[in-house]
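Visitor: Numbering (the numbering used here), first residue to last: 15 to 269.
1. Leaving out five residues on either side along the sequence, give the residues of the same chain with a beta carbon under 6 Å from the beta carbon of residue 226.
2. I'd like the ranges of any beta strand (DSSP E) spanning at least 3 consecutive residues and lying wholly in the segment 75-162.
3. I'd like to check one pair, residue 109 with residue 89: are the Cβ atoms closer than 8 Å?
4. If contacts are defined as beta-carbon pairs under 8 Å, then residue 152 and residue 186 qualify, I think. What distance do you get, rounded to the angstrom?
5. Between residue 60 and residue 228, what straight-line distance do the alpha-carbon atoms span, to the nearest angstrom?
6. Which residue wins for smallest C-alpha separation from residue 122, given the options 182, 189, 137, 93?
7. Select from 137, 150, 94 the residue whose C-alpha is nearest the C-alpha of residue 191.
8. Distance check for residue 112 and residue 195, CA to CA, integer angstroms please.
9. Using only CA atoms, which one of 107, 230, 243 lies nearest to residue 27?
10. If I measure Cβ to Cβ from residue 127 and keep anything under 8 Å in the same chain, skipping five residues before and after, which residues do I get?
11. From residue 17 to residue 25, what does the alpha carbon distance come to, in whole angstroms?
12. On the DSSP bridge list, what partners appear for residue 39?
13. Output the boundary residues of the beta strand (DSSP E) element that contains residue 186.
14. By DSSP, does residue 202 sit in helix, in strand, or in coil?
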């Protein structure tokens with residue numbers, strides 16, 4: 015019985031699939047490496063950020079900002095679904111009107127609320143306050159599932175949730191670090207250090223290398239098996255003679 019010949023497409027399919035895995039690992043590793051560079055630049059910009067007091071022009075991201083004014087307590091909203099030290103809660107967001115009449119949004123810190131959905135309440139200082147903190151530019155937010163605002167709760171920080179006229183002085187908000195109305199700080203400028211991204215990049219490149227090795231080893235084995243199947247078709251098994259195609263001869267007749 016002849017040996018089954020291995021189809022050639024199996025080797026091609028093997029190489030294509032593993033090549034895709036190699037390319038994916040290389041691409042993801044490069045992406046993480048670039049993110050590490052971006053994070054280094056971001057942290058360097060934070061270290062070099064200026065210290066300003068109620069600037070007229072938009073402050074750079076990470077600026078150490080000082081504001082003097084009065085809280086608009088009735089316009090406080092709450093950033094929902096925050097966690098700190100294993101506790102579930104909200105972050106209080108209160109507009110501040112400075113002495114020149116401009117409006118700034120202040121993220122005052124974390125309030126533990128637990129799983130209850132009652133409207134949060136927060137004490138807000140009356141009169142003049144002096145605040146210091148980090149400025150964060152408003153940027154692209156993640157996807158929203160339903161409306162951003164539900165009562166006094168927000169899914170995402172967005173200045174459009176407030177309807178004051180005129181609007182806010184600049185497109186961003188102050189993360190309060192010192193001053194009246196400060197709650198428990200929870201926000202950090204950078205959650206993941208650059209070294210973590212480098213580690214992820216090395217892991218992805220290691221997986222790409224492993225996929226390349228698997229492709230080479232498996233491809234050689236498939237090619238060897240294919241050559242063996244061709245060889246078995248060219249040479250019949252030893253010890254077996256091919257059947258004669260001549261018709262059988264009749265025995266001689268007795269005279």
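Even glycine gets a Cβ: it sits at the ideal position worked out from N, Cα and C. As the structure is a computational prediction, the values presented were derived from the model and not from experiment.
Guide: Looking at the atomic coordinates:
1. The answer, listed in chain order, is 36.
2. 78-85, 91-98, 101-112, 117-126, 142-151
3. Closer than 8 Å, so yes.
4. 5 Å
5. 44 Å
6. 189
7. The residue from 137, 150, 94 with its alpha-carbon nearest to that of residue 191 is 150.
8. Residue 112 has its alpha-carbon roughly 15 Å from the corresponding atom of residue 195.
9. 230
10. 102, 103, 104, 134
11. Per-residue confidence for residue 17 stands at a pLDDT of 48, beneath the threshold of 50, marking its modelled position as unreliable; the derived number appears in the next sentence. When rounded, the distance between both Cα atoms is 18 Å.
12. None, per the DSSP bridge assignment.
13. 186-192
14. Coil.
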